[in-house]
Amino acid sequence: MSQATEQTDIVIVGAGFTGIYMAHKAQALGLSLIALERGGGVGGTWYWNRYPGLRCDVESVDYSYSFSPTLQQEWTWTEKFPSQPEILRYLEWAAKKLDVTKYFRFNTEVTAATWHEDITRWRVTTNLGDTVQTIEAKYIVWGTGMLSIPKIPVITGLEDFTGLVLNTATWPQTPVDFTDKKVAVLGTGSSGIQVIPIVAQQAAHLFVLQRTPSFSLPANNKALAPERMAWIKDNYDQYRADARHSRLGCVTESVGKNFAELTPVEARAELERTYNYGSPMRFSSTFNDIVVDQKANKAAADFAREKIRERIADPILAKKLMPDHYITTRRLCIDTNYYETYNRPNVTLIDLREENLVRFTDSGFETTKAPYDIDIFILATGFDAITGALNRIDITGRNGQKLAAKWAVAPSCYLGIAVAGFPNMFVVAGPGSPGPLSNVVLSLEQHVEWITAMLTFLEKEGITTFDPTVEAERAWDDHVAELSNGTLMRFADSWYTGTNVAGKPRGNVVYMGGLAPYEKEIIEVATHGYLGFTLTK
Ligand code: NA7
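In structure tokens, the structure reads:
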């Protein structure tokens with residue numbers, strides 16, 4: 067069934083941190099707006115990811131909106147690292163406070179968006195159940211998230227397995243009971259590392275299938291002391307200003323020196339200090355050059371490995387769990403009792419570098435070494451990150467060009483915000499933005515505010531279309547690549563480079579210059595009349 071085409075100034079897709087803030091800004095600009103969300107409520111990735119043990123790896127007082135003093139003062143975080151239920155409550159509350167929930171159509175999936183040159187508008191097609199809706203809009207803003215589409219590996223015979231298959235990224239809304247169950251978890255990134263200790267406490271037996279060990283630090287999570295929360299609230303303006311002027315978008319209290327500027331004793335003391343605090347942002351800021359200089363990186367990685375070794379009783383097991391990549395070039399995780407979990411008698415590590423996962427059967431799985439009977443299989447295999455959410459929507463720009471086809475060659479995106487050939491379209495935290503390696507809430511606030519300023523300009527000047535030039539986009543891609551190649555990220559294999567998904571081009575999808583330098587660059591573009599964009603009246 068299809069309905070009459072609706073008209074609006076702006077379509078916003080996604081009801082996560084981006085969509086909520088963008089709707090607030092569009093409302094203030096006086097633009098008519100329709101916001102679309104495939105989930106049943108606000109939250110974005112925090113709506114779908116509900117596995118037990120899930121917390122954000124950025125501290126709660128940082129991982130929250132900074133644009134509104136009212137929101138900052140009225141919300142009180144209860145823990146150092148926010149749990150998924152608390153973040154979801156926060157977003158539901160923020161959307162209500164900002165009075166934007168009314169703009170969202172939930173359970174509504176965008177299936178296609180096509181640019182129509184004759185009317186200079188996007189035609190957006192959505193599905194709400196069997197009902198097809200068509201909306202025509204002057205602008206479209208994608209707030210579809212960097213980590214929203216689960217990556218599901220192809221595993222032979224999985225369809226024959228008669229037990230329960232779960233995915234950390236699309237966890238059921240009701241609790242899952244692991245009591246007396248034999249469970250296997252595939253994947254040891256952030257999600258695996260957080261869910262494994264919880265499942266191990268309940269399950270009869272847990273098998274962990276590990277292909278690549280990650281670096282993880284103890285989160286030292288705790289209740290936020292009321293005095294600390296009160297201090298933050300009293301000093302929030304300065305705290306946020308410091309965060310915004312930093313590379314990572316949060317306060318790290320770093321010593322601010324390169325590794326070589328410290329004596330070995332000083333370097334060790336700094337590593338101990340940031341490690342004991344328990345925060346990936348702080349640990350990865352121990353030295354300024356941790357992601358640039360091999361010696362600095364090795365010092366931090368060796369230190370982290372030493373700490374991991376101390377947490378595992380069996381030295382052979384410790385060796386198997388030991389990461390060997392440049393620290394911080396894959397996600398540096400935080401955990402509560404992750405390595406200690408392997409000291410439990412009911413936990414077995416299956417090292418996929420020693421035995422291959424061959425197939426699933428009705429009762430479990432077989433590796434090249436042995437069969438394993440299980441009741442529940444948990445995929446913690448990550449996401450088709452950054453470009454994944456848009457690649458699965460049929461997006462057609464000028465001259466019939468498909469976004470997915472363009473990004474299959476390379477994930478090009480001017481400023482990490484706009485794509486040549488796709489006019490009047492904004493991508494929040496697209497490829498080439500600093501989002502993945504920063505406090506992403508501040509990063510996307512930066513984008514939303516920049517987009518709002520551009521919308522104000524376009525409307526005031528009576529501009530009908532904007533489109534980044536191919537040359538500007540290429541120059542930005544090259545700039546992002548140059549920044550990335552100047553760091554150890556050039557050796558990384560993970561969602562940061564797209565290599566976690568088979569067939570995806572290896573790309574420099576993260577702007578490695580940091581949040582504050584990035585802001586300078588995009589503001590420069592704006593103050594010079596939107597350099598690199600073709601603007602047509
Ligand atoms: P990640 O960090 O991408 O981790 C996924 C894990 O799953 C990782 O250990 C992968 O090993 C493993 N994996 C994926 N596919 C396979 C197959 N086919 N066989 C074996 N192992 C596999 O995703 P997370 O959800 O943990 O975290 C994503 C982000 O969310 C995180 O970085 C934070 O920003 C929050 P691999 O490394 O590919 O060898």
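When you line the sequence shown up against this note's numbering, it's residues 67 to 603, in that order. For glycine and all other residues, C-beta sits at the position ideal for the given N, C-alpha and C.
Supposed contact pair residue j and residue i - C-beta distance, whole angstroms, cut 8 angstroms
i	j	result
residue 206	residue 179	6 angstroms
residue 400	residue 269	22 angstroms between Cβ atoms; not a contact.
residue 262	residue 272	7 angstroms
residue 209	residue 78	6 angstroms
residue 71	residue 183	Not quite, the Cβ-Cβ distance comes to about 17 angstroms (not below 8 angstroms), so this is no contact.
residue 279	residue 254	6 angstroms
Cβ-heavy atom distance, residue i to the ligand NA7, below 7 angstroms
i	result
residue 189	no
residue 112	no
residue 237	no
residue 134	no
residue 581	no
residue 449	yes
residue 363	no
residue 256	yes
residue 397	yes
residue 504	no
residue 84	no
residue 543	no
residue 10	No answer is possible for residue 10: it lies beyond the span of the chain, which begins at 67 and ends at 603.
residue 253	yes
residue 123	yes
residue 234	yes
residue 278	yes
residue 558	no
Counted within 10 angstroms of its Cβ, other Cβ atoms place residue i as buried (16 or more) or exposed
i	result
residue 570	buried
residue 168	exposed
residue 419	exposed
residue 551	exposed
residue 241	exposed
residue 250	buried
residue 326	exposed
residue 292	exposed
residue 440	buried
residue 561	buried
residue 554	buried
residue 348	buried
residue 105	buried
residue 458	exposed
Same chain, Cβ closer than 7 angstroms to residue i, five either side skipped, listed in chain order
i	result
residue 408	378, 383, 387, 415
residue 236	114, 216
residue 480	486, 534, 538, 539, 542, 598
residue 160	86, 131, 137
residue 333	325, 365
residue 153	112, 122
For residue i, the first and last residue of its enclosing alpha helix (DSSP H)
i	result
residue 112	111-114
residue 343	330-343
residue 41	This structure cannot settle anything about residue 41, because the visible part of the chain is limited to 67 through 603.
residue 480	It is not in any alpha helix (DSSP H) - residue 480 carries neither H nor E in the DSSP assignment.
residue 593	581-593
residue 227	Counting along the chain, residue 227 falls outside any alpha helix (DSSP H), and DSSP gives it neither H nor E.
Beta-carbon proximity list for residue i, same chain, < 8 angstroms, skipping 5 on both sides
i	result
residue 424	222, 431, 432, 433, 434
residue 615	The question about residue 615 has no answer, for the chain in this structure spans 67 to 603.
residue 592	516, 519, 520, 523
residue 532	484, 489, 490, 520, 524, 596, 599, 600, 601, 602
residue 166	86, 89, 90, 93, 101
residue 528	603
residue 99	74, 75, 76, 77, 78, 89, 92, 93, 169
residue 357	350, 363, 392, 394, 395, 553, 554, 555, 578
residue 583	313
Cβ shell of residue i (< 6 angstroms), same chain only, five flanking positions each side left out
i	result
residue 124	505
residue 171	102
residue 491	206
residue 477	453, 497, 573, 575
The beta strand (DSSP E) enclosing residue i, as first and last residue numbers
i	result
residue 282	282-284
residue 430	430-433
residue 417	413-417
residue 101	99-102
residue 190	187-194
residue 491	491-493
residue 437	437-439
residue 204	197-208
residue 73	72-79
Residue-level contact to chain B via CB, residue i, 8 angstroms cutoff
i	result
residue 369	Chain labels in this structure do not include chain B; a single protein chain is all it has.
heavy atom of the ligand GTP below 7 angstroms from residue i C-beta
i	result
residue 422	Absence of the ligand GTP is noted for the structure shown, with the ligand NA7 being the only ligands found.
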